Each structure stands twice: as structure tokens, then as C-alpha cells.
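Peer 1:
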Amino acid sequence: MRLILHIWRQKNSQTRGKMVRYEHANVNEHMSFLEMLDVLNEELAVRGEDPVAFEHDCREGICGSCGFMINGVAHGPQRGTTVCQLHMRHFKDGDELWLEPWRAKAFPVLKDLIVDRSSFDRIIAAGGYISANAGGAPDGNAIPIEKQKADLAMDAAACIGCGACVAACPNASAMLFASAKVSHLALLPQGQPERYRRVQGMVAQMQAEVFGACTNMGECEAVCPKGIKLENIARMNHDFVKAAWMFREEVTVAGAS
Amino acid sequence: MKLDARVPPGPIEQKWEKARFEMKLVNPANKRKYNVIIVGTGLAGGSAAATLGELGYNIKAFCYQDSPRRAHSIAAQGGINAAKNYQNDGDSVYRLFYDTVKGGDFRAREANVYRLAELSGNIIDQCVAQGVPFAREYGGVLANRSFGGAQVSRTFYARGQTGQQLLMGAYQAMERQVQAGRVAVFPHHEMLELVVVEGRARGIIARDMETGEISADEADAVILATGGYGNLFFLSTNAKGCNTTAIWRAYKKGAAFANPCFTQIHPTCIPVSGDYQSKLTLMSESLRNDGRIWVPKRKGDTRPANRIPEDERDYFLERMYPSFGNLSPRDIASRAVKRVCDEGRGVGPTGLGVYLDLSDAIRQLGRQTITERYGNLFEMYERITGENPYELPMRIFPAVHYTMGGLWVDYHLMSTIQGLFVLGEANFSDHGANRLGASALMQGLADGYFVIPYTLGHFLAGVKAGDGTTTDRPEFLCARSEVENRTKRLLATRGRRTVDSFHRELGRVMWEDCGMTRNRNGLEAALAKIPAIREEFWNNVNVTGEAMEINQALEKAGRVADFLELGELACRDAREREESCGAHFREEYQTEEGEALRNDEKFAHVAAWEYAGENAAPIRNTEPLNFEYVHLTQRSYK
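Those protein sequences? They're chains A and B, same order as listed.
With numbering that gives the first Met the number 0 applied, the first sequence corresponds to residues 0 to 256, in that order.
With numbering that gives the first Met the number 0 applied, the second sequence corresponds to residues 0 to 637, in that order.
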């Protein structure tokens with residue numbers, strides 16, 4: 000199969016980027032999307048051109064490294080799939096595809112399709128944990144947890160932090176990402192002591208990173224490769240409002256870049 | 000080279016307790032004076048960074064990914080073992096210890112394995128406390144499942160994403176220490192050299208993968224938790240970035256490399272589909288709980304699976320190993336798969352595949368239960384192959400998955416370089432010649448949460464904090480210039496072949512001559528081929544771009560250059576070990592039934608290789624292994 004690719008090429012965060020057109024004749028339907036790019040990169044390298052830079056690592060849809068826009072859709076046309084698991088059988092001969100990096104002020108482009116997502120780490124550092132030092136934990140079965148609750152917590156905890164939700168959101172909001180972690184921990188008994196402190200810290204950090212606000216468009220849920228649901232955002236809003244009268248401590252944020 | 004394992008004396012049940020009591024402590028107020036570098040932020044490195052931060056040490060954590068949350072531990076699917084005996088089915092610390100020593104085919108150090116089993120329960124408790132959403136029963140208690148090589152149900156899991164959830168626990172605990180100012184994380188940084196000053200590991204040289212800048216960092220101790228080197232074979236289940244560079248650089252600075260040929264080939268992976276293939280995907284071993292593995296009885300039977308009647312199917316694992324059946328250990332299952340494919344009974348377009356069939360289980364348990372247990376694995380299989388595993392049995396074939404070999408460490412997890420500690424898959428210690436399923440996560444977390452906080456403290460208590468060593472010392476300057484020169488050389492070659500083409504060529508040699516089975520002739524041939532590939536690499540590799548920018552070709556080239564050296568050592572190790580044990584199967588040494596034939600008289604030892612210089616053969620040192628508790632017998636799963 001033959002494809003026309005328009006790929007965003009940008010040398011680094013200081014320079015301007017542009018779309019560059021490539022004809023790719025060596026595509027077969029069993030390749031993954033990233034293997035298709037590997038083959039293109041091999042050809043570029045042989046011609047002495049700079050290969051297209053893109054993030055990737057596990058290539059089995061769990062590490063969250065990969066991701067870019069394919070024809071304006073984060074991770075491309077197949078629902079519930081990262082680009083590393085998207086296979087070329089979903090495309091046809093002669094297709095023309097536009098590949099662009101995630102676009103968000105909080106995700107500056109580093110090179111080509113690679114963006115800086117360190118803001119996500121800072122949001123987690125602002126409270127996305129349960130404070131439990133190693134050593135001295137009670138027996139694992141000491142606190143029974145309803146299966147339904149454990150399952151809901153697991154649904155939320157499945158987030159891989161890829162950033163597709165931000166890229167798909169017209170406001171570049173990180174609400175789906177942050178709310179997945181808030182929900183995961185708020186649903187579990189172990190997460191209760193820090194529940195309101197956590198939500199305030201994470202929301203404050205999210206705002207400091209210049210992510211936008213949520214206006215319930217639902218684009219994030221539609222592109223999420225792990226099926227993280229909008230209901231997590233509702234849960235986070237609920238906790239955030241409740242925190243306003245449960246919790247009065249000053250919240251400080253880490254230096255956002 | 001002297002290999003002192005520092006195993007404490009006394010009965011095995013008391014060794015760790017006694018060692019902990021005898022270890023020196025660092026006063027809480029003094030801990031902040033010590034700097035510790037940790038390379039790698041997976042289960043071992045991440046849990047170590049979190050725990051040492053909690054204790055009050057100053058930690059610098061480095062990882063090559065753009066976030067520490069992406070380390071490859073995240074991809075572990077099936078579960079983590081712990082001797083909790085929640086199922087009342089006969090499990091105990093001693094049984095987990097026994098299963099692990101036997102599963103490793105008697106090539107692991109007993110004292111380390113016992114400690115691992117002893118700590119396994121604490122890991123589950125710790126992870127639950129952190130909010131890891133393990134699977135639960137309706138009554139609210141933790142659920143378990145079985146895994147290969149065990150007859151008890153001791154594996155804890157979080158759907159098919161256990162590694163991800165355990166890593167999130169460690170990552171979140173580490174980020175908490177980032178917020179507290181105890182841990183500084185350096186993502187997108189790759190360690191390219193170890194710095195040794197007066198015989199002690201004192202720092203690293205790393206490259207900032209965003210700017211290309213080379214930095215030097217000093218510390219009182221260095222911890223490597225950089226994972227395994229399965230990508231030596233090019234195709235493996237490892238993430239694309241997994242590499243040997245950190246431990247290989249340490250080896251060349253004096254750390255012994257133990258058992259480099261012990262490579263686990265996992266039986267249940269999705270078969271290769273073409274030349275462009277970039278990696279292989281594992282289908283969790285947990286599927287073997289409910290799945291049955293079979294091939295047609297008749298050679299060249301090309302009928303679709305559902306047209307082959309029951310009596311014309313060969314459930315070969317159940318036939319050959321009736322008591323463990325489909326849950327036979329990985330090395331045994333992989334070789335059995337290879338055997339039936341070699342007989343011409345393999346399935347799929349290439350003939351390199353067998354069926355993993357869950358249709359009986361779907362009939363008995365219902366689709367709902369199977370979806371709950373394996374839903375995400377089924378989806379993954381369908382995405383990759385385009386086939387629906389609810390309707391057609393999956394096709395699987397063995398693939399390189401885990402490396403039991405790694406840097407030699409003593410009971411304290413210290414390498415042969417003072418102050419250099421090695422945790423998780425990067426070390427060699429606990430799995431012998433074959434790792435049992437759901438044991439890697441256990442080892443990574445035991446090392447990071449519960450072993451290193453004690454043994455590192457003991458080491459640091461014996462050295463002075465802030466002794467004035469700075470990165471201006473000649474050892475740092477020299478290591479930095481080595482890195483810069485290597486980078487320059489890679490970029491200046493401008494040859495005709497891409498990095499990947501060399502990597503694939505090396506991988507093919509390794510897979511053919513040092514893979515599932517090995518023999519002397521093949522290994523000799525590989526030992527002739529690899530130096531030739533290496534020579535061509537350095538004269539004809541094409542690395543595009545520049546040093547001071549994001550340059551993925553340069554990153555790959557550096558890693559492949561090190562694989563080209565390690566491959567030779569692995570083949571040498573395989574050639575010298577004239578026996579079969581666990582995953583190391585030498586065709587010359589097998590029983591009449593084709594099982595691995597150990598030679599305990601000559602090879603009940605760890606081979607710890609010592610670097611002897613650029614043009615000298617490495618020296619093979621040995622650490623004898625004594626089996627006082629689990630008696631040496633031929634491993635049988637029949």
C-alpha cells in the first residue's frame with residue numbers, strides 16, 4: 000500500500016516547524032503505525048536525511064510514551080488504541096495522512112512529534128499519591144474493599160498519562176488525566192485521609208501549568224486509549240467543591256515551566 | 000577477582016533478621032548529608048528512590064524515558080507472587096523459596112531466594128497501603144491466581160496490568176519525595192559512563208537527550224536499576240529503549256557480569272509477522288491458567304483450528320507434563336513449543352506458532368468471566384493480529400523476555416565495585432537459570448523497598464559523607480571525554496548502513512546460535528561472526544544528525560555498540576557452561592527424554608565474568624553454589 004504523509008517537522012523548541020510531504024510506498028497492512036514510520040525513517044536515514052523523531056517505548060499500549068495527531072484525531076482513527084497498537088489494516092492504499100504533535104501550551108514541542116509532558120509529573124507530585132512510607136503497612140487483607148469499588152478504582156487507575164486528552168480538548172484541559180488519579184485514590188479507603196488535600200493540590204498545579212478549564216466537551220473521553228470516563232471529572236469536581244469547606248490549608252504549587 | 004557473597008551464617012530462616020541487626024545504621028540527622036544516584040525508575044529503581052527519600056537521603060534519579068512513570072516494568076501483565084497463603088492451599092515462605100530455587104534449576108543463591116520469599120508478603124501489604132487496586136473477591140479480600148511452575152495460587156494481580164499498577168505505586172511514592180525535596184528526577188537522561196574513584200563508584204556521566212549536553216554527577220553511592228538486556232536479540236518483548244549500556248559500562252569499569260547467557264524465552268508471545276517487525280508482544284502467562292496449548296497431531300495439517308476434531312489435536316504440554324500441564328515453567332514450555340514446530344506441526348502462515356485455546360474455559364466459565372480475567376489481553380491480541388480470540392484460538396510462539404543474567408551482586412546487592420549497588424533485573428541474583436512467572440515484580444520491589452534501605456545504610460555508615468570529591472577530579476574528566484569521543488566517532492563515521500540493520504543482524508545471530516537451544520559449533524560460529532559485525536559497525540554505520548540535539552539515531556547507535564560487545568560475552572558464557580540448566584539448553588547435554596541435563600559436579604556455580612581490557616579475553620570467575628536446604632535433584636514437572 001502507498002501513502003502520502005504530511006509530517007510536522009520542527010528542529011527544536013526554539014525554531015518554527017512546518018508540514019513536510021513524504022510519499023511512502025513500502026507499507027503493508029500488518030505493520031503497526033510506528034513500524035510504518037520506522038520503515039520511512041530507515042529510508043530517510045539511507046538518503047542522509049534526519050529521521051522523524053517520535054516518542055515510543057513499550058509498543059504495546061501501556062507505557063504512554065507514544066502519541067500524535069493523525070488527521071486531527073489523537074492516536075488516530077481506531078478507538079481505545081494508542082498509535083503503537085494502531086495497525087495499517089485500518090488504512091487503505093492512497094490515503095493521505097497529516098501527522099502533528101499534541102498541541103497545547105502546557106506541552107511545548109521539543110522536536111517533530113515529541114512534546115514535553117513533564118507538567119503531568121508535577122501534577123502527580125502535587126498530591127497524586129497516598130502517603131505510606133515503606134515498612135509497617137498492615138496486612139493486605141486488613142481492610143476489605145468492595146469489589147465494585149476496587150474495580151472502579153482500577154478503571155480510573157488504567158490511565159497511561161499519554162496526554163491525548165489534553166491534545167483533543169479544545170481548551171487543552173488536563174481534567175481527564177488529573178481526575179483519573181483523584182478518582183482512583185478517592186474511591187479507596189486508603190485514599191480517604193488525604194482526599195481533599197490531594198484534589199486541591201492537584202487542581203492548583205494543573206492551573207499553574209496553564210492547562211485550560213473543562214467545559215464538558217467530552218473530546219477527551221472519545222480519544223482516550225484506555226477508556227477513562229468523563230464521570231471521573233464529575234467525581235473530581237464534587238471533591239473539589241467539598242474541599243472548599245472541608246479544607247482551609249494554603250496550597251502551594253511547584254515552579255511550572 | 001575475589002567474590003565474597005557476604006551471606007550471613009546461621010539457619011536460613013534467621014539470616015536476614017540477623018544481618019539486619021548486625022548492619023550499621025546512619026543517624027537520621029546524618030542521612031541528608033549523603034547523596035545517592037539511582038539510574039532507572041522502574042519497580043526496583045522507583046521503589047528504592049521513594050524509600051531512600053523517605054529515610055532522608057538525597058536522591059538523584061535518572062531515566063531515559065520522558066517520565067519515570069514509563070519504565071518498562073509497566074508492561075508486566077500477569078501478577079506478583081507472595082507467600083501469603085490466603086487461599087489455604089499449602090503455601091508458605093518455605094514453599095515459595097523451594098519453588099523458586101527449583102524453578103531456577105539450582106543456579107541461584109539460596110540465601111537470596113529465601114530472603115525474597117520472606118519479604119514477598121510485605122510487598123503486597125505495602126502496595127495495598129499505597130492504593131494499588133489489586134483484584135478483589137466479592138467479600139472484599141484480595142484475589143489470587145496460579146502461575147507457571149507452582150501448584151498453589153499465590154499470584155496477586157490487577158487485571159492484566161499488574162506491572163503498571165505496581166509501578167504507579169512506586170512512581171507516586173517517588174513523586175511524593177520529589178515534592179518533599181528529597182528526590183530530584185532527571186528524565187530523558189541516559190547514563191553513558193560510570194565513574195570510579197579509588198575503587199569506589201562515585202558518580203555517573205549522563206547525556207541529556209533533549210539538549211545533547213553531557214553532565215557529570217557525583218554521589219556517595221550509585222545504584223543501577225536499569226533492567227534487562229533482552230534487546231540484545233533485537234526482537235524481544237522489551238520496550239524499544241531497554242538497553243545494557245549502564246551495566247555494560249559498569250562491567251568495563253570492574254563490575255563482574257554474571258551468567259550473561261541465561262536468557263528467558265517466554266512461551267506465549269504473538270508470532271512474528273514480517274521483516275519490518277520492531278518488537279514482540281507478550282500474551283500473559285496467566286492465560287495458561289484457563290488456556291490449553293495444542294497443535295494438530297498430523298504434520299502439515301492446514302485445516303482451520305475449529306475444523307480439527309478433538310481427537311486429532313495434541314495437547315502436548317498436558318501429554319508431556321501431566322502434573323503441571325499447561326502451567327509448566329517457561330523454559331520447559333518454550334522448548335516443547337519449539338519441538339512440535341520443528342516436527343512440522345506448527346500452525347499459522349509461518350508454521351512457527353501453536354494454539355493457545357480458551358474455548359473450553361469460555362464454555363465452562365462464560366464469556367463474562369473470561370473478559371473480566373483477560374479482557375485487555377484479548378483486545379491487544381485482536382488489535383495486533385486482526386483475529387478475534389473469542390472465536391479463534393490465539394496463535395503464540397516463544398520470544399526473548401527476561402534476562403536472568405546481570406551484574407554480580409553479593410547478599411547486600413553490592414557489585415564487585417565498592418559502592419555500586421545493582422537492583423532488579425539488572426542484577427543476577429535470585430532467579431538462577433530460569434525465572435518463574437510473577438517473580439520479577441516481586442524481586443524488583445523486594446530489592447527497592449526492603450533490601451537496599453538496610454544494605455545501603457550499612458555501606459554509607461562506613462564511609463564519610465561529603466569527603467570533598469568533586470566532578471573536577473581526573474576520573475570524572477576522563478570518563479566525560481570517553482563519552483564525548485565515542486559520540487563523536489559514531490557521528491563521524493557516516494557509513495552506508497543504518498543502526499537498525501546492524502542490530503537486526505546481531506539479533507539473528509543471537510537467536511539462531513544462542514537462543515532456545517545452543518551447541519558448541521553454533522556458539523563458535525557466533526563468536527566468529529559477532530566481532531566481524533562489530534568491526535563493520537564502527538566503519539560503516541550511518542548515524543544521522545548532530546550531538547547537541549534530540550537524536551534518536553545516536554541514542555540507538557550507542558546502545559547497539561554495547562550490545563555488540565555483550566553478545567560476544569553471552570556466547571562465550573554459553574560455550575563455557577558445558578551443561579544444560581533452566582533456560583540454557585546445550586544440545587550436547589540432555590536426558591533421553593530431551594530434558595535439560597545439569598552437571599552439578601562441574602557447574603553448580605555462578606560464572607562471573609571480569610573485564611580484562613580491550614584486546615584480552617575476559618576472565619571467568621566462579622562463585623560456588625551450595626544447596627543446604629533444597630537438595631539437588633533433576634527438575635521434574637511430569
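We put the beta carbon where it would ideally sit given N, CA and C, even for glycine.
As the structure is a prediction and not an experimental result, all values here were calculated from the model.
Which residues, in order along the region 548-580 of chain B, keep a beta-carbon less than 9 Å from a beta-carbon of chain A?
Peer 2: So the list reads E548, I549, N550, Q551, A552, given in the order they occur along the chain.
Peer 1: To be precise: take each residue of the region 122-152 of chain B, compare its Cβ to all Cβ atoms of chain A, and keep it if any distance is under 9 Å. Which residues remain?
Peer 2: The region 122-152 of chain B vs chain A, Cβ under 9 Å: I123, D124, Q125, C126, V127, A128, Q129, G130, V131, P132, F133, A134, R135, E136, Y137, G138, G139, V140, L141, A142.
Peer 1: Give the DSSP bridge partners of I264 (chain B), in chain order.
Peer 2: The residue labelled residue 264 (chain B) in the question sits at position 265 within the second sequence. Answer is B:V399.
Peer 1: If we ignore side chains and look at the alpha-carbon of each, how far apart do T80 (chain A) and V151 (chain B) end up?
Peer 2: Residue mapping note: residue 80 (chain A) aligns to position 81 of the first sequence, counting from 1. Residue mapping note: residue 151 (chain B) aligns to position 152 of the second sequence, counting from 1. When rounded, the distance between both Cα atoms is 35 Å.
Peer 1: One question on the structure: do F119 (chain A) and L98 (chain A) come within less than 9 Å of each other, judged by their Cβ atoms?
Peer 2: The sequence position of residue 119 (chain A) within the first sequence is 120, counting from 1. The sequence position of residue 98 (chain A) within the first sequence is 99, counting from 1. In this structure, L98 (chain A) does not lie closer than 9 Å to F119 (chain A) by Cβ.
Peer 1: Is the shortest distance between the beta-carbon of L33 (chain A) and the beta-carbons of chain B less than 9 Å?
Peer 2: To locate residue 33 (chain A), count along the first sequence from 1; it is residue 34. L33 (chain A) counts as touching chain B.
Peer 1: At what residues does the beta strand (DSSP E) containing F185 (chain B) begin and finish?
Peer 2: Looking up residue 185 (chain B) in the second sequence gives position 186. That run of the beta strand (DSSP E) goes 182-185.
Peer 1: Examine chain C for any beta-carbon lying closer than 9 Å to the beta-carbon of E535 (chain B), and answer yes or no.
Peer 2: Absence of chain C from the displayed structure is noted, the protein chains being A and B.
Peer 1: Is S117 (chain A) close to chain B, meaning its C-beta is less than 9 Å from at least one C-beta of that chain?
Peer 2: Position 118 of the first sequence, counted from the first residue, corresponds to residue 117 (chain A). So, interface residue.
Peer 1: For chain B, is any of its Cβ atoms less than 9 Å away from the one on P137 (chain A)?
Peer 2: For the purposes of this step, residue 137 (chain A) is taken as residue 138 along the first sequence, with counting starting at 1. Cβ-Cβ to chain B under 9 Å: yes for P137 (chain A).
Peer 1: What alpha helix (DSSP H) runs, 4 residues minimum, are completely inside the region 39-86 of chain B?
Peer 2: Fully enclosed alpha helix (DSSP H) runs of 4 or longer: 42-54.
Peer 1: Is the CB-CB distance between K110 (chain A) and S12 (chain A) below 9 Å?
Peer 2: As a working mapping, residue 110 (chain A) is identified with position 111 in the first sequence. As a working mapping, residue 12 (chain A) is identified with position 13 in the first sequence. For K110 (chain A) and S12 (chain A), yes; Cβs fall inside 9 Å.
Peer 1: What residues match up with R199 (chain B) in a beta bridge as DSSP calls it?
Peer 2: For the purposes of this step, residue 199 (chain B) is taken as residue 200 along the second sequence, with counting starting at 1. DSSP, once it has assigned bridges, lists B:V196, B:Q417 as partnering R199 (chain B).
Peer 1: Hey, is A57 (chain A)'s beta-carbon within less than 9 Å of any beta-carbon in chain B?
Peer 2: The residue you call residue 57 (chain A) lines up with position 58 of the first sequence. A small fix is needed here, since residue 57 (chain A) is Cys in this sequence, not Ala. Interface residue, yes.
Peer 1: Can you tell me where the alpha helix (DSSP H) with T258 (chain A) in it begins and where it stops?
Peer 2: Any answer about residue 258 (chain A) is impossible in this case: the structure gives chain A only from 0 up to 256.
Peer 1: Any beta-carbon of chain B closer than 9 Å to the one on S256 (chain A)?
Peer 2: Residue 256 (chain A) sits at position 257 when you count from the first residue of the first sequence. With a pLDDT of 45 at S256 (chain A), under the threshold of 50, the modelled position of this residue cannot be trusted; read the value that follows with caution. No, no contact with chain B.
Peer 1: Mind reading off the beta-carbon distance from A439 (chain B) to C268 (chain B)? Whole number of angstroms is fine, and I expect it under 8 Å.
Peer 2: The residue you call residue 439 (chain B) lines up with position 440 of the second sequence. The residue you call residue 268 (chain B) lines up with position 269 of the second sequence. The pair is not a contact, with the Cβ atoms about 16 Å apart (cut-off 8 Å).
Peer 1: Considering just the uninterrupted stretch of the alpha helix (DSSP H) at I361 (chain B), what are its terminal residues?
Peer 2: Here the question's residue 361 (chain B) lines up with position 362 in the second sequence. Looking at the DSSP string, the run of the alpha helix (DSSP H) that includes I361 (chain B) is 358-364.
Peer 1: If you draw a straight line from the alpha carbon of Q64 (chain B) to that of I331 (chain B), how long is it in whole angstroms?
Peer 2: For this step, residue 64 (chain B) is matched to residue 65 along the second sequence. For this step, residue 331 (chain B) is matched to residue 332 along the second sequence. Their Cα atoms are separated by approximately 34 Å.
Peer 1: Within 9 Å (strictly less), CB to CB, does G160 (chain A) reach chain B?
Peer 2: Looking up residue 160 (chain A) in the first sequence gives position 161. Yes, G160 (chain A) counts as interfacial toward chain B.
Peer 1: Using the rule of at least 16 other Cβ atoms within 10 Å of the residue's Cβ for burial, across every protein chain shown, is A638 (chain B) buried or exposed?
Peer 2: An answer regarding residue 638 (chain B) cannot be provided, because it is not within the stretch 0 to 637 covered by chain B.
Peer 1: Taking all protein chains shown into account, do 16 or more other C-beta atoms lie within 10 angstroms of the C-beta of Y389 (chain B), making it buried, or fewer, making it exposed?
Peer 2: Translated into the one-based positions of the second sequence, residue 389 (chain B) becomes position 390. That one is exposed.
Peer 1: Report the neighbours of F449 (chain B) on chain A: residues whose CB is nearer than 8 Å to its CB, in chain order.
Peer 2: Along the second sequence, one-based indexing puts residue 449 (chain B) at 450. In chain order: A133, G134.
Peer 1: Shorter than 9 Å from the beta carbon of V421 (chain B) to some beta carbon of chain A?
Peer 2: Residue mapping note: residue 421 (chain B) aligns to position 422 of the second sequence, counting from 1. Chain A, which has no Cβ nearer than 9 Å to the Cβ of V421 (chain B), makes this no.
Peer 1: Going by the DSSP bridge assignment, what does N541 (chain B) pair with across the sheet?
Peer 2: Looking up residue 541 (chain B) in the second sequence gives position 542. According to DSSP, N541 (chain B) bridges with B:T497.
Peer 1: Can you find a C-beta in chain A that's less than 9 Å from the C-beta of F155 (chain B)?
Peer 2: Here the question's residue 155 (chain B) lines up with position 156 in the second sequence. For F155 (chain B), the answer is yes, since a Cβ of chain A falls inside 9 Å of its Cβ.
Peer 1: Taking the alpha helix (DSSP H) that P452 (chain B) falls in, what are its first and last residues?
Peer 2: By one-based count along the second sequence, residue 452 (chain B) stands at place 453. Here the alpha helix (DSSP H) through P452 (chain B) covers 451-460.
Peer 1: Could you tell me if H400 (chain B) is buried or exposed, where buried requires 16 or more neighbouring beta carbons within 10 angstroms of its beta carbon?
Peer 2: Start at 1 with the first residue of the second sequence, and residue 400 (chain B) comes out as number 401. Burial call: buried.
Peer 1: Could you compute how far the alpha carbon of A255 (chain A) sits from the alpha carbon of M201 (chain A)?
Peer 2: Along the first sequence, read from residue 1 onward, the residue named residue 255 (chain A) stands at position 256. Along the first sequence, read from residue 1 onward, the residue named residue 201 (chain A) stands at position 202. With a pLDDT of only 49 at A255 (chain A), under 50, the local geometry of the prediction cannot be trusted, and the value read off the model is given with reservation. Near 13 Å, if we compare the C-alpha coordinates of M201 (chain A) and A255 (chain A).
Peer 1: Residues in the same chain with beta-carbon distance under 6 Å from K296 (chain B), minus the five sequence neighbours each way, listed in chain order, please.
Peer 2: Here the question's residue 296 (chain B) lines up with position 297 in the second sequence. Contacts found: E311, D313.
Peer 1: So, helix, strand or coil for W247 (chain B), using DSSP?
Peer 2: Position 248 of the second sequence, counting from 1, holds the residue named residue 247 (chain B). Helix at W247 (chain B).
Peer 1: Could you tell me which chain A residues have their CB closer than 9 Å to the CB of A172 (chain B), listed as they occur along the chain?
Peer 2: Taking the second sequence and counting its residues from 1, the one referred to as residue 172 (chain B) is at position 173. Those are Y128, I129, S130, A131, N132, A133, listed as they occur along chain A.
Peer 1: May I ask you to list the residues that DSSP assigns as paired with G405 (chain B)?
Peer 2: Within the second sequence, residue 405 (chain B) is the residue found at index 406, counting from 1. G405 (chain B) pairs with B:A257.
Peer 1: Return helix, strand or coil for S285 (chain B), following the three-state DSSP convention.
Peer 2: Along the second sequence, read from residue 1 onward, the residue named residue 285 (chain B) stands at position 286. It is coil, neither helix nor strand.
Peer 1: Please confirm whether M282 (chain B) and I369 (chain B) have their CB atoms less than 9 Å apart.
Peer 2: Along the second sequence, one-based indexing puts residue 282 (chain B) at 283. Along the second sequence, one-based indexing puts residue 369 (chain B) at 370. No, Cβ-Cβ distance for M282 (chain B) and I369 (chain B) is not below 9 Å.
Peer 1: So with CB distances below 8 Å, who are the chain B contacts of H23 (chain A)?
Peer 2: Position 24 of the first sequence, counted from the start, is the residue given in the question as residue 23 (chain A). Result: empty, since nearest Cβ-Cβ is about 12 Å, beyond 8 Å.
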